[in-house]
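Student: Take a look at this one; I'll ask things after.
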Amino acid sequence: MEGLKRRVVVTGMGVVSPIGIGNPAFWESVSKGVSGVSLIEGFDTTPYRTRIAAQIKGFDPLEYLSPQKVYATDRHTQFALVATTSAVKDSGLMITEENKKNIGVIWGSSEGGIHTREEGYEMFFLKGPRAGDPMIMMKAMGVAPAANISIEFGVRGFNYCFTNTCSTGAITIGEGARLIRHGYIDAVI
Amino acid sequence: MSKAGKTRVVVTGAGLITPLGSTLADFWDSVLKGRSAAKRLERLNTAGFRTTIAATIEDFVPETFIKPKDIRRMDRFAQLAIGATSMALKQSGLKTDDEIKDKVGVILGSAVAGIISHESAAEELFVRGYRYVNPLTVPLVMFNAGASNICMQFGFTGVSFGIATACSSGTNAIGEAYLRIKSGFADIMAAGGSDAPISPVCFAAWDKLRAMSTCNDTPERACKPFSKNRDGLVMAEGAGMVILESMGHAEARGADIMAEVIGYGATSDAHHITYPNHAQEVRAMRMALEDACIEPSEIDYINAHGTGTFANDKVETETIKEVFGKRAYRVPISSTKSMTGHPLGASGAIELIACMLAMENSAIPPTINYEILDPECDLDYVPNEARNIPVDVAMSNSFGFGGANAILIARKWKD
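These protein sequence lines are chains A and B, in that order.
Numbering-wise, our numbering puts 949 at position 118 of the first sequence, and it's gapless, one number per residue.
Numbering-wise, our numbering puts 390 at position 377 of the second sequence, and it's gapless, one number per residue.
Written out as structure tokens, the structure is:
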């Protein structure tokens, strides 16, 4: 633990969750002890042991993103873009020619673009190899959220996808903090 | 990235499993002979596909490295990663006793991770129904399955996570492991990349992306990086792992050091999801040179990303020209992907190992299938034949979809 010891602070936050989109809505639900769990609506769960999950309802990506961007991204990237927009706004960070090279992105995901992947699989196995979306790999790849954040906000430090199933979010923030602390970069989303 | 700690970082072990060979000696022998690993793809039904060739590994026996009962708990990419790690550890001579185990961290890059298992599960679900889905699907498919299986196999209890930055995953994994040691945050890291992407939907998706060569009748001549008639990459599978240690740790235990990692640079294009970006590739390369505290004139060899796609090879050439100036025409550059094919997230790790083998053997791998000069790619790509010259400092380039650019620089170890 040698190296520089710069202190690292959080200046902005954004959340997209089953109990609220945006920090105030999320915190209100947390304070009131609201549960986000309900019956699964997205697919037929008849044969499944478990038929409940915490889904994000009322998320219309077109409220936040252009139709082109929505077409070109998986649902998890859309969450990432909306949460980042909110966090960047919250931080008051102005991204300029000057600082954009020193802002990196580390976006973790356990499952990546699983909606896109499974839709692609369904098309392939039921309709054959010619069916399906040619963009599937670009939408489903692990680094898609980080890449899209980098493109959307013009930030040009590294863009990483770290992945460690359920500790992914903690690893990304921990590694981001470490890279700032050791002086490799000034800001990390 | 040179601002923090000054701990020197060395490589004490390397292991790889590739379509060209699954020991360092076999791999290097094939590389020097300029052999292509591409062949007709027998493993998948490619009827109706544009591309029907790939570079596959046919001689990998997971039982060599993994207990039979554990094999079915791992996707092929994790099995390959364990094989490569096992050989890297053996070479490093690291005794993995209890004291060491707590110190070893693992970072494994993979672009598509457990995709074979994921596609099987999807086929079971969509074609046969819920009851047929393998109950082990989650641990087989998860992106960190490679890193966590390495930890379980060898008992490592340091940090472990996966990196998924498409085709630069392996380079980013080694780069981040290097930074951890350089900053004094770790003493020993096992890092590299592994991918087994030859799976029906994945291959179909790449086919639809039109990124792969369609020279189906002459597979061994299909991947033609930097040649004017290049028409795409050849998909491959593979794994490469290195053992990185702080110089102090390696010297204290009397380890044989292969090379020193002296520079790393990583940037993001913020530009386009597939098309490469010249300016940010340049910045990553300069960042690595600055980190290494060397001038471009000190680089003896560049192992190019060199996928054999029209866009990559053109933009990579422009990048090298901008960073190296007049020296761009004199520094030998080669694409080992011309022989190995493109094993996605494993490529950066395998190519750093190729750089170290070049140092050890004083020979530079060729770019095979180089046939026609492209005025936009007019540098010295070591065409078709290996070259016997000493290499002290080598640079390895990786540029991933999504705009992740990563550069590593290594120097030959001299006592």
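The C-beta atom is built at its ideal place from N, Cα and C for all residues, glycine as well.
(1) Does any residue of chain B bring its CB to less than 7 angstroms from the CB of TYR952(A)?
(2) Kindly indicate if chain B contains any beta-carbon less than 7 angstroms away from that of CYS992(A).
(3) Should ILE120(B) be counted as a contact of the ligand NAD given a C-beta to heavy atom distance under 6 angstroms?
(4) VAL214(B) CB to nearest chain A CB: under 7 angstroms?
(5) Around the Cβ of TYR145(B), are there at least 16 other Cβ atoms within 10 angstroms (buried) or fewer (exposed)?
(6) In terms of alpha-carbon separation, which member of ILE883(A), THR915(A), ARG906(A), ALA884(A) lies closest to LEU893(A)?
(7) Roughly how far, in whole angstroms, is the beta-carbon of THR996(A) from the beta-carbon of SER941(A), given that I think they are within contact range, below 8 angstroms?
(8) With DSSP run on the structure shown, which of helix, strand or coil describes SER15(B)?
(9) Report the residue from GLY1005(A), LYS970(A), ILE1020(A) whose alpha carbon sits nearest the alpha carbon of ASN990(A).
(10) Runs of 4 residues minimum, wholly inside the segment 176-204 of chain B: which ones carry the alpha helix (DSSP H) assignment?
(11) Mapping the DSSP letters down to three states, classify ALA994(A) as helix, strand or coil.
(12) Residues of chain B with CB under 7 angstroms from THR996(A), in chain order?
(13) So the alpha helix (DSSP H) THR25(B) belongs to, where does it begin and stop?
(14) Is it the case that the segment 248-265 of chain B contacts the segment 205-217 of chain B, given that we only count it when at least three CB pairs across the two stretches are under 8 angstroms?
(15) What residue range is occupied by the uninterrupted beta strand (DSSP E) comprising LYS430(B)?
(16) Which of helix, strand or coil does DSSP assign to PRO378(B)?
(17) Nearest by alpha-carbon distance to SER866(A): which of SER897(A), GLY851(A), PHE874(A) is it?
(18) Between SER123(B) and SER181(B), which are expected to be in contact by the criterion C-beta below 8 angstroms, what is the C-beta distance as a whole number of angstroms?
(19) Quickly, what does DSSP pair CYS236(B) with across the bridge? List them, please.
(20) Between PHE198(B), ASN410(B), ILE128(B), ALA134(B), which lies nearest to PHE156(B) when the distance is taken from Cα to Cα?
(21) Does DSSP classify HIS355(B) as helix, strand or coil?
(22) Report, in whole angstroms, the separation of the C-beta atoms of ALA914(A) and VAL846(A), which I expect to be a contact under 8 angstroms.
(23) So, with DSSP's three-state summary, where would you put PHE412(B)?
(24) CB-CB under 7 angstroms to HIS262(B), same chain, minus the five flanking residues each way: which ones, in chain order?
(25) Counting only C-beta atoms, is GLY944(A) closer than 7 angstroms to chain B at any point?
(26) Is the Cβ of PHE174(B) closer than 7 angstroms to any Cβ of chain A?
(27) Can you look up ALA885(A) in the DSSP assignment and give me helix, strand or coil?
(28) Might you give, ordered along the chain, the residues of its own chain that have their beta carbon closer than 8 angstroms to the beta carbon of LYS970(A), omitting 5 neighbours on each side?
(29) Taking the alpha-carbon positions, what's the VAL274(B) to LYS836(A) distance?
(30) Could you have a look at ASN933(A) and say whether DSSP puts it in helix, strand or coil?
(31) Whose C-alpha, out of PHE239(B), GLU373(B), ILE211(B), is nearest the C-alpha of PRO356(B)?
(32) Taking the runs of the alpha helix (DSSP H) that are 4 residues or longer, which of them lie wholly in the segment 72-126 of chain B?
(33) Using 8 angstroms for Cβ pairs, my map puts LEU392(B) next to ILE422(B). What's the rounded Cβ distance?
(34) For ASP428(B), which residues in the same chain have their Cβ closer than 7 angstroms to its Cβ, ignoring the five residues on either side in sequence?
(35) List the residues of chain B whose Cβ lies closer than 7 angstroms to the Cβ of GLY873(A), in chain order.
(36) Alpha carbon to alpha carbon, how far is ARG961(A) from ALA217(B)? Give it in angstroms, no decimals.
Tutor: Taking the structure as given:
(1) yes
(2) CYS992(A) counts as touching chain B.
(3) In terms of ligand content, the structure shown is empty, and the ligand NAD therefore cannot be addressed.
(4) yes
(5) exposed
(6) ARG906(A)
(7) 5 angstroms
(8) For SER15(B), the predicted structure reports a pLDDT of 44, less than 50, and the residue's modelled location is therefore unreliable. The matter cannot be settled from this model.
(9) ILE1020(A)
(10) 182-195
(11) At residue 994(A) the sequence reads Thr, which differs from the Ala that was named. DSSP places THR994(A) in strand when its eight states are reduced to three.
(12) MET155, ASN157
(13) Counting along the chain, THR25(B) falls outside any alpha helix (DSSP H), though it belongs to the beta strand (DSSP E) covering 22-30.
(14) Contact between the segment 205-217 of chain B and the segment 248-265 of chain B is present, because at least three Cβ pairs lie under 8 angstroms.
(15) The structure shown does not extend to residue 430(B), since chain B is modelled only from 14 to 428, so the question has no answer here.
(16) coil
(17) GLY851(A)
(18) With 8 angstroms as the limit, SER123(B) and SER181(B) do not qualify as a contact, their Cβ atoms being about 12 angstroms apart.
(19) DSSP, once it has assigned bridges, lists no residue as partnering CYS236(B).
(20) ILE128(B)
(21) strand
(22) ALA914(A) to VAL846(A), Cβ: 6 angstroms. Contact.
(23) strand
(24) ASP200, ILE201
(25) no
(26) yes
(27) Of the three classes helix, strand and coil, the one that applies to ALA885(A) here is strand, per DSSP.
(28) ALA903, THR904, ASP905, THR908, GLY944, THR947, ASP964
(29) 24 angstroms
(30) Note: ASN933(A) maps to helix in three-state DSSP.
(31) ILE211(B)
(32) 81-84, 89-105, 111-114
(33) Rounded, the Cβ-Cβ distance is 18 angstroms, inconsistent with contact.
(34) none
(35) Within 7 angstroms Cβ-Cβ: nothing; GLY873(A) doesn't reach chain B, min ~14 angstroms.
(36) Linking ALA217(B) to ARG961(A) through their CA atoms gives a straight-line distance of about 8 angstroms.
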